[in-house]
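> Provided herewith is a single structure, encoded as structure tokens, for subsequent inquiry.
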Amino acid sequence: MSTTSATAVPPFRVESATPASRAAAVVGLLLLAVLATAPAWGGSGFMKLLIEFFTLLALAQMWNLLAGYAGLVSIGQQAFVGLGAYGLFVGTDRLGLHPLLAIPVLAAVIALIALATSLFAFRLHGGYFAIGTWVIAEVFRILVSGAKEVGAGNGVTIQGAAFLGPQGRLALTYWLALGVGFGSVILVAWIMRSRLGLALRALRDSEAGAESLGIDVFRTKLAVYLIASVGCAVAGAIIYLSLLRIQPNAAFSVDWTARMIFIVIIGGLGRIEGPIVGALVFIGLRETLADFGSLYLVILGVVAIGLTLLAPRGLWGLFVARFPMVSFGAQPRLVMGAQTPGGAGPPPGTTPTEVA
Amino acid sequence: MSLLEVRGASSFYGDFQALYDISLAVQEGERFAMIGSNGAGKSTLLRMIAGLLPARGGGIRFDGQAIDALPTHERVKLGVSLVPEGRRVFPSLSVEENLLIGGYRGRRGHWGLGRVYELFPLLKERARRSAAVLSGGEQQALAIGRALMNNPRLLLLDEVSLGLAPVVIRELYDRLPAIAAAGTTVLIVEQNIDQALGVADRVACLLEGRISLAGRPAELTREAIAAAYFGI
Amino acid sequence: MEWVNAVIQGTLLGGLYALLATGLSLAFGVMRLVNLAHGDLNILAAYLALVVVTATGANPLVGLVAVVPVMMVIGFLLQRVLLNFALGGGVLPPVLVTFGIAVVVQNVLLDVFSADSQGLDAGPLENASVTLTDQISVGFFPLLTLLVAVGVLLGLQFVVSRTQLGRALRATSDDTEAARIVGIDHRRLYSIAMAISLGTVAVAGVFLGIRTTFGPSDGPQRLIFAFESVIIGGLGSLWGTLVGGVALGVAQAVGNQVNPAYQALAGHLLFLAVLAFRPSGLFARRTARQV
Ligand SMILES: Nc1ncnc2c1ncn2[C@@H]1O[C@H](COP(=O)(O)OP(=O)(O)O)[C@@H](O)[C@H]1O
Ligand SMILES: [Mg+2]
């Protein structure tokens, strides 16, 4: 982004915090503190459910970042879930790394892989981008299914974390899931308050308009793609640190992305609260409707279609429309300074003009 | 009864109001010109009449029938044809195909492929070419011909002269009598005041979305028109 | 000789991929809709044929007479009651809605027909072959498949280039608003386009169903093959799509020859190579885009 634009644009500050968002941050931190002690008091079933919730939350936040904020509808994020799983296996079992070390290492490697895949995927747009990312995920699935070093089609079992003992591994996995769940929310909030977030807002309103503001649309989208890919890989590694058994068809299954999509559509696309609400509802639905088998997925599909057409901002959007004051305010707003062109702008501190 | 009657209609782009409480009546067989500077709302008015934009408040009647609720293609079926600003010919279609698709609704009448080619002989020479390779004037002729193929009762012309050389503009305007003679009522939108005054039976002026003047060309003074046009 | 055979088999299969691809690119060309349920609707057509065959004992090829119109009606209605409402609001709604449809179709099929693989039996036709040299013989059925595919493509080409419907499709693809100005009901036209799209999908579905077994979860793969053919051939050209389909078919056959596990992979790699080195496709038209 050019710095010269600062002279063309009236002074502004990026304002994201609202009383509600500050309250949410406080509540969130308290919640985190309480949840962090769960290994001391929670049963393993409870912790496993939370591991699932927080890893799904992280995946959904990443997909929301891609589709909801950057307009990149990927149906291939399972590529990175699978790569994260196998990355963890290679790190712990083949290289002998501690899981805590293996995860940052695999994140770095997968960032490079994502950069390479972007060369292909970014040639496509819109719905064709969606299928293109899917093909790329398929390529990884097939390649891994053929790689004897990682068990080919049968897959592998992670044993490099066995030294932690069952309780130790569960606690570590739980803390990591907690970290990645909270971390994903904080990451998205932070991104949306940064210049990248402003670029994303401009881009969502109009790509051509964003370009005319001097925003590099390609680099903005690429940054989001890389962040989301690494995010999914880290979440995938934690999921499989919990599951241990990795099979290529499951690890690279489009079901991962389907879950992300359902969660985001249900909760609310393009809002940071959406994946939180969506993940809660999604797990709730699954717990209650699991007995229906494939019918459960039919219901999910119908719900997704209905919400997309009738309530594209999801449950959270419906909720906010009714109670506007509860918004976390992670949508950054440009608060115009005193010198708006023509001098007709509001004085600072009074009724800020929402540009976003 | 007027062929077209707009009464108290407004139009919006989102929250932005482009037309305020417009009322006008165009009689059958008349040539009516709407002038106004860039951004006055002329195209918006035609798009509203054609059904591309909803009219809010008030109403639009065509031949006595309320057409507000009708989608564009139904209005075309009744005989309302728009020659849009910027011509908008179909580049994937040949010249002749552009004309044939103009007759999509199958309204019968004076105009057909042969008559349009008589009116614009150049189009006949270029019949098999892609519309994309035509010059601006030829594209404008094609856009008019495409609209005529619907045998419209009301022809809406949006800035036919836009971006064309004076000699080309004159050639196109010279065809207007022939079009009117075939019984078509014409509503012309122009920024070019002289052009509009020269051909119109009646003229009205739009200023920032409101009608600022209306009358017969002979009755209007230059000063009155300038004031209505520029808002001074 | 095995290789020559592989290439011939791939070419014959490619016709079906081209049919699949045509439906996908027709919807994209006319209404900028990328139908993620394309593959699952293709599988649905095969199951419909299975139902017809089971109920009447007819040859699946005869069953086409029922399956194609039914799929066309499904396409028309799907567009009319659902997809038209997803258009005009950016890229997300159509992708999400068609993804939802894909999930629904897949799981309804799973519910009704179970996960077991099914096949369509076209009788002795399937084993007949035409001997070219003493080492190369071409199955009669694959040959018929290619001929039918080319026939359908020719028919479509005729409709698109010679009829008022085709002109309307191209005009709408060029400029929807200008199309409305000439009196085209674009929503209705979209529904017709989707009907045609699913009609071709139905033909491809029945032929593929005779050729290979199918299950409720095979849709995504079909979608991907269709998509790869479109991109390899070059967006929006009917004959480019045929080239794309054949190229994909040949790549897969060759991959299969190397190692049966790599059949699909070879196609994916060809697709990625085209994307990297010739993103406009092997056969892209430079000017006048066609639907
Ligand atoms: N698609 C649009 N979205 C928002 N505003 C528009 C749009 N089209 C036109 N306008 C605005 O509406 C007003 C009238 O425009 P228009 O009818 O095109 O004027 P004219 O044809 O007289 O030049 C102008 O202020 C213009 O900026
Ligand atoms: Mg205008």
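Protein chains in written order, with the working numbering: chain C, 1 to 356; chain Z, 1001 to 1232; chain X, 2001 to 2291.
Glycine is no exception: its CB is placed at the ideal position from the N, C-alpha and C atoms.
1) Run through chain C and tell me which residues come within less than 8 Å of X/ASP2111, C-beta to C-beta.
2) Can you name, in chain order, every residue of its own chain whose Cβ lies under 7 Å from the Cβ of Z/LYS1124, other than the five neighbours on each side?
3) Could you name the residues of the same chain whose beta carbon sits closer than 7 Å to that of C/MET260, not counting the 5 residues immediately before and after it, in chain order?
4) To the nearest angstrom, report how far apart X/THR2308 and Z/LEU1093 are at their CA atoms.
5) Skipping 5 residues on each side, what residues in its chain have a beta carbon closer than 7 Å to that of C/THR133?
6) X/VAL2182 and Z/VAL1076: beta carbons closer than 8 Å?
7) Name the one or two DSSP bridge partners that X/MET2072 has.
8) Quick check: is any heavy atom of ligand 1 less than 7 Å from the C-beta of C/TYR225?
9) Can you tell which of Z/GLN1191, Z/ARG1107 and Z/PRO1091 has the C-alpha that lies nearest to the C-alpha of Z/ARG1129?
10) Here's a check: name, in chain order, each residue in its chain whose Cβ is nearer than 6 Å to the Cβ of Z/ILE1067, leaving out the five neighbours to either side.
11) Which bits of chain B does Z/ILE1232 rub up against, with CB to CB less than 7 Å?
12) Check whether the Cβ of Z/GLU1030 lies closer than 7 Å to any heavy atom of ligand 2, and answer yes or no.
13) Could you say which of C/ALA161, C/VAL224, C/GLN159 and C/ARG195 lies nearest to C/SER184 if we only look at CA atoms?
14) Rounded to a whole number of angstroms, what is the C-alpha to C-alpha distance between C/LEU30 and C/TRP175?
15) Taking 7 Å as the line, does the beta carbon of Z/GLU1190 fall inside it for any heavy atom of ligand 2?
16) Alpha carbon to alpha carbon, how far is Z/GLU1138 from Z/LEU1003?
17) Please state whether the Cβ-Cβ distance between Z/LEU1119 and Z/LEU1154 is less than 8 Å.
18) Can you tell me whether C/TRP41 is buried or exposed, with buried defined as 16 or more other CB within 10 angstroms of its CB?
19) Z/GLY1051: which of Z/THR1072, Z/PHE1062, Z/ILE1035 and Z/SER1043 sits nearest, CA to CA?
20) Return the first residue and the last residue of the beta strand (DSSP E) that Z/LEU1082 is part of.
21) Counting only beta-carbon atoms, is Z/PHE1120 nearer than 8 Å to chain X?
22) Is there at least one Cβ from chain Z nearer than 8 Å to X/ASP2218's Cβ?
23) What would DSSP say about Z/MET1034, mapped onto helix, strand or coil?
24) With the cut-off set at 8 Å, would you say C/ALA130 and X/VAL2095 are in Cβ contact?
25) In terms of residues, what are the limits of the beta strand (DSSP E) holding Z/GLN1017?
26) With X/ALA2049 and X/LEU2120 assumed to form a contact (beta carbons below 8 Å), what rounded beta-carbon distance in angstroms separates them?
27) Check whether the Cβ of Z/SER1043 sits closer than 7 Å to any heavy atom of ligand 2, and report yes or no.
28) Is there at least one non-hydrogen atom of ligand 1 closer than 7 Å to the beta-carbon of Z/TYR1013?
29) When you compare only the Cα positions, how much space is there between X/ALA2202 and X/VAL2105?
30) Give the range of the beta strand (DSSP E) segment to which Z/LEU1207 is assigned.
31) Chain Z partners of X/SER2280, CB-CB under 8 Å?
32) Is it the case that the CB of Z/ASP1194 approaches a heavy atom of ligand 3 more closely than 7 Å?
33) In chain Z, what lies closer than 8 Å to X/ASP2174 by C-beta?
34) Taking CB distances under 8 Å as the criterion, tell me whether C/ALA330 reaches chain X.
35) Between Z/ALA1180 and Z/GLY1079, what straight-line distance do the alpha-carbon atoms span, to the nearest angstrom?
36) Can a CB atom of chain Z be found closer than 8 Å to the CB of X/VAL2182?
So, from the listed chains and residues:
1) GLY293, SER294, LEU295 and VAL298
2) TYR1117
3) LEU59, ALA60, TRP63 and GLN77
4) Any question about residue 2308 of chain X goes unanswered here, given that chain X covers just 2001 to 2291.
5) Excluding the 5 residues flanking it on each side, C/THR133 has same chain C-beta neighbours closer than 7 Å at SER74, ILE75, GLY76 and ALA121, in chain order.
6) yes
7) DSSP, once it has assigned bridges, lists no residue as partnering X/MET2072.
8) no
9) Closest by alpha carbon: Z/PRO1091.
10) ILE1060 and ARG1075
11) The displayed structure is made up of protein chains C, Z and X, and chain B is not among them.
12) no
13) C/VAL224
14) 15 Å
15) no
16) 30 Å
17) no
18) C/TRP41 should be labelled exposed.
19) Z/THR1072
20) Where Z/LEU1082 is concerned, the enclosing beta strand (DSSP E) starts and stops at 1080-1083.
21) Taking a beta-carbon distance threshold of 8 Å, Z/PHE1120 does not count as an interface residue toward chain X.
22) no
23) strand
24) yes
25) 1016-1026
26) 6 Å
27) yes
28) Yes, Cβ of Z/TYR1013 sits closer than 7 Å to a heavy atom of ligand 1.
29) If I take the Cα positions, the gap works out to 15 Å.
30) 1202-1207
31) Within chain Z, no residue comes near X/SER2280; the closest Cβ sits about 17 Å away, beyond 8 Å.
32) Ligand 3 is absent from the structure shown, which contains only ligand 1 and ligand 2.
33) PHE1090, PRO1091, SER1092 and LEU1093
34) Confidence at C/ALA330 is low in this model, with a pLDDT of 48, below 50, so the placement of that residue should be treated as unreliable; the coordinate-derived value is given next. Closer than 8 Å: no.
35) 14 Å
36) yes
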